[in-house]
Structure formats: structure tokens, C-alpha cells
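Shown next, in C-alpha cells, is the structure this report addresses.
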Amino acid sequence: VKKNSPAFSAGIEQFFDYIISIQGTPLNGDGSVLVQLLKNNQDTPIRMGIYSSKNQAVREITLTPSDTWHQDVNEKSLIGCSIRYCSYERAGENVWHVLDIALNSPAEMAGIIPHSDYIIGSPHTVLKSEDDFYQLVEGYSGKPLRLYLYNTQWDSCREVIIIPSHEWGGAGSLGCDVGYGLLHRIP
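Residues 24 to 210, numbered by the numbering used here, are exactly what the sequence shown covers, in order.
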């Protein structure tokens with residue numbers, strides 16, 4: 024969600040919010056419906072149904088699609104956020120809770136915070152299962168890996184860059200323990 028965009032002004036929260044309807048029309052995975060509804064309602068306030076996977080609740084927002092919210096000639100978004108078409112039914116399940124972090128580890132160097140940080144995604148791939156994360160980390164051994172984190176103390180998301188390595192002097196390639204599953208979901 025880009026700062027000062029219609030999505031930002033309407034309170035859409037990155038990673039956690041899912042657009043489920045526009046003007047009462049359900050969005051059932053067909054991206055063309057969303058794009059057409061936004062184009063047809065440019066510069067007109069529209070109602071959107073939003074499901075929050077963090078709060079596990081549906082709310083309605085009003086948003087005005089516009090191409091005047093930015094100064095960048097390359098910006099094409101009418102609402103100012105990236106959208107991925109996917110199901111929200113298991114959205115809160117694929118998170119990895121950061122537990123202990125070793126001193127001088129890649130995790131510590133990247134600024135990852137133990138116990139309050141949750142790994143919620145990566146721009147490199149969609150994390151659909153527990154193994155997807157471990158395969159992603161191994162695939163980026165020795166290379167910069169971008170991860171999206173949610174911090175429960177700050178109630179905010181951020182991106183970190185970490186370089187997984189088995190050569191840092193400790194256990195594992197990240198230098199942190201992570202928990203996955205029912206006991207490690209975002210509270």
C-alpha cells in the first residue's frame with residue numbers, strides 16, 4: 024500500500040486485508056472484474072468489502088479510484104496498492120514466528136526481532152506451506168533474501184533483507200529459531 028494513495032487513505036492494511044467486493048459485487052478470483060469496476064468508477068467514491076485476516080472480520084470502506092494521487096508518470100494504479108488474487112481462507116496459517124535469535128547471526132544483522140516478529144511473506148514467491156519457507160531460504164543461501172515481517176509490538180509490517188548462510192558461525196542459515204503452526208500464529 025503506497026503512502027498517500029486512495030488505498031492508504033481508506034485504511035487498507037497490506038498483507039492482512041482482502042478485497043472481497045466492490046459496490047456489492049463479490050470478487051470471486053476474476054481480476055478483470057476488479058479492474059473494470061475500478062476503471063468504471065474512476066474519481067467516484069465506491070464501497071469495498073474488506074476481509075481482515077488479522078482481525079478475522081469483514082468491514083466496509085469507501086475509496087475513490089484516481090490517477091491523480093501520484094506524480095509518477097509510470098504509476099498505473101488507480102488505488103495505490105499491489106493486489107494478488109488468492110483465497111483468504113487460510114491466510115493466517117502461513118506465518119513463521121521468530122523465536123530466539125543468535126548473536127551475530129544473519130537474522131540479528133537484518134534487524135529481526137525475537138518473539139514479536141512474524142515472517143508473513145516474500146516478494147520472491149508465495150508461501151503456501153511450511154516447506155515453501157525453508158526451500159526459499161535454502162534457495163537464497165549466500166544471496167540477499169527479501170522477507171516481509173509483521174511485528175506485534177508495533178502492529179506494523181516491514182521488509183527486511185537477510186543473507187542466509189551456513190558460514191556465519193552458528194546453527195542454521197538464518198541464525199534464528201522459527202515456529203510454525205497453530206501455536207505460532209499471529210495473536
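Quick reminder that beta carbons are idealized off the backbone N, C-alpha and C, glycines included.
Less than 8 Å between C-beta atoms, sequence neighbours within five positions excluded: which residues of the same chain meet that for residue i?
{"i": "I84", "result": "A33, G34, I35, R70, M71 and I73"}
{"i": "I106", "result": "I42, G54 and L57"}
{"i": "P137", "result": "V121, L122, D123, I124 and C199"}
{"i": "Q79", "result": "G115"}
{"i": "S28", "result": "W92, H93, S100, I102, G103 and C104"}
{"i": "T148", "result": "D155 and L159"}
Leaving out five residues on either side along the sequence, give the residues of the same chain with a beta carbon under 6 Å from the beta carbon of residue i.
{"i": "F39", "result": "S75, S76 and K77"}
{"i": "Y141", "result": "V118, H120, Y173 and I209"}
{"i": "R193", "result": "Before going further, note that residue 193 is Gly rather than Arg in the sequence given. Only A125 and S128 meet the Cβ criterion."}
{"i": "I184", "result": "P167 and R169"}
{"i": "K62", "result": "none"}
{"i": "E131", "result": "I124"}
{"i": "R181", "result": "L172"}
{"i": "H207", "result": "H120"}
{"i": "K25", "result": "G103"}
Taking only three categories from DSSP, how would you classify residue i?
{"i": "P29", "result": "helix"}
{"i": "V56", "result": "helix"}
{"i": "E153", "result": "helix"}
{"i": "E131", "result": "helix"}
{"i": "E161", "result": "helix"}
{"i": "L61", "result": "helix"}
{"i": "H147", "result": "coil"}
{"i": "H93", "result": "coil"}
{"i": "L86", "result": "strand"}
{"i": "H207", "result": "helix"}
{"i": "C180", "result": "strand"}
{"i": "I185", "result": "strand"}
{"i": "T175", "result": "coil"}
{"i": "W191", "result": "coil"}
{"i": "T48", "result": "strand"}
{"i": "C109", "result": "coil"}
{"i": "H120", "result": "strand"}
Please list, in chain order, all residues of the same chain as residue i whose beta carbon is under 7 Å from its beta carbon, the five residues on each side excluded.
{"i": "P187", "result": "P129, V160, Y163, S164, L168, S196 and L197"}
{"i": "S179", "result": "none"}
Within 7 Å of any Cβ in chain D, is that where the Cβ of residue i sits?
{"i": "Q59", "result": "This model lacks chain D altogether; it includes just one protein chain."}
Measure how close the beta-carbons of residue i and residue j come, nearest whole angstrom, since I'm counting them as under 8 Å.
{"i": "A30", "j": "C109", "result": "Going by Cβ atoms, the distance from A30 to C109 rounds to 17 Å, so no, they are not a contact pair."}
{"i": "Q65", "j": "S89", "result": "7 Å"}
{"i": "Y171", "j": "I143", "result": "5 Å"}
{"i": "T175", "j": "S139", "result": "5 Å"}
{"i": "L60", "j": "Q46", "result": "7 Å"}
{"i": "V68", "j": "T48", "result": "Here the sequence assigns Pro to residue 68, which means Val is not the residue at that position. With 8 Å as the limit, P68 and T48 do not qualify as a contact, their Cβ atoms being about 16 Å apart."}
Quiz item: Counting Cβ pairs, one atom from each stretch, are 3 or more of them under 8 Å apart for the segment 90 to 104 and the segment 146 to 158?
Solution: no
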